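In what follows, a structure is listed as C-alpha cells, so that the remarks can point back to it.
Numbering (my numbering), first residue to last: 510 to 715.
Following this line, the structure appears as C-alpha cells:
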C-alpha cells in the first residue's frame with residue numbers, strides 16, 4: 510500500500526507540472542512587420558510556446574548565437590508558413606520547452622534575418638550573449654543569411670536537446686493539422702489528468 514501511495518504521489522506531482530505549465534504566444538510578421546512579437550521569452554521546462562504566422566511567408570528556424578542567420582543542423586524548423594493577406598485565421602507552430610538552455614531562432618525568408626527578424630528563448634541575463642548582441646550580429650552580417658529553411662528537419666536530435674516534437678495547425682484553406690507525436694498541448698494536459706484519475710481509481714480498489 511505504501512508503494513502504491515508513492516506511485517500515486519509521483520503521478521500527481523507529474524500531472525500537476527503539466528497542468529501548471531504556462532503558455533506563451535508569439536506572433537510572427539504581424540502587421541507586416543519583420544519581427545517576432547515578443548522577440549524573446551523566458552519559459553520554464555514544460556511550458557508551451559506558440560508561434561502564430563502572419564502574411565506573407567515566414568519561418569521559425571533555430572540557429573546558434575554565433576551564426577544567427579544560418580540553420581542549426583538538427584534544430585527546430587517550422588518550415589515556410591505561407592499566409593494570404595486576406596486570411597483571417599493563421600497557422601500556429603508550437604513546441605514544449607524541455608530545459609532552460611538559451612535558444613536562438615530567426616526567420617529564414619530571404620533577407621528577413623539581416624533586417625533583425627530573430628527570436629530568443631531563455632536568454633541568460635548574466636551572460637554576454639544578450640539578445641541585443643544576437644540581433645546586432647544578424648543585422649551586421651555575422652553569418653551569411655540563408656534563403657531557405659532546412660527542409661524537413663523538424664525536431665531532430667540536437668546538442669541542445671531542448672524541445673519536444675512540434676505541432677502545426679493549418680491556416681484557412683483546409684490544410685490539416687500535423688503533429689510529430691500526435692499529442693498537442695491540450696492532449697498532454699488531458700492525458701496527465703487521465704493517468705492521475707486511473708491511478709486514484711486503482712488505489713480505491715486496493
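Backbone N, C-alpha and C define an ideal beta-carbon position, used for all residues, glycine too.
Model, not experiment: these values are computed from the prediction.
If you check the beta carbons only, do residue i and residue j fall under 9 Å apart?
i           : j           : result
residue 550 : residue 646 : no
residue 604 : residue 572 : no
residue 533 : residue 556 : yes
residue 566 : residue 592 : yes
residue 475 : residue 553 : The structure shown does not extend to residue 475, since the chain is modelled only from 510 through 715, so no value can be given for it.
residue 587 : residue 570 : yes
residue 595 : residue 563 : no
residue 578 : residue 629 : no
residue 560 : residue 602 : yes
residue 548 : residue 627 : yes
residue 611 : residue 636 : yes
residue 607 : residue 625 : no
Going by other Cβ atoms of all chains shown within 10 Å of its Cβ, with 16 needed for buried, is residue i buried or exposed?
i           : result
residue 541 : exposed
residue 544 : buried
residue 600 : buried
residue 641 : exposed
residue 584 : buried
residue 580 : buried
residue 568 : buried
residue 531 : exposed
residue 620 : exposed
residue 538 : buried
residue 695 : Only weak support exists for where residue 695 lies, its pLDDT of 25 falling under 50; the coordinates are left without a value.
What did DSSP end up calling residue i once you bin it into helix, strand or coil?
i           : result
residue 470 : Shown here, the chain extends from 510 to 715; a query on residue 470 therefore has no answer.
residue 529 : helix
residue 629 : strand
residue 663 : Legend: pLDDT at residue 663 = 34, less than 50; position of this residue unreliable, no value from coordinates given.
residue 588 : coil
residue 619 : coil
residue 541 : helix
Which residue comes first and which comes last in the beta strand (DSSP E) that contains residue i?
i           : result
residue 645 : Note, residue 645: premise wrong, no beta strand (DSSP E); alpha helix (DSSP H) at 640-648.
residue 560 : 557-562
residue 603 : 601-605
residue 612 : 612-615
Can you name the residues that DSSP bridges to residue i?
i           : result
residue 566 : 591
residue 549 : 629
residue 536 : 546 and 561
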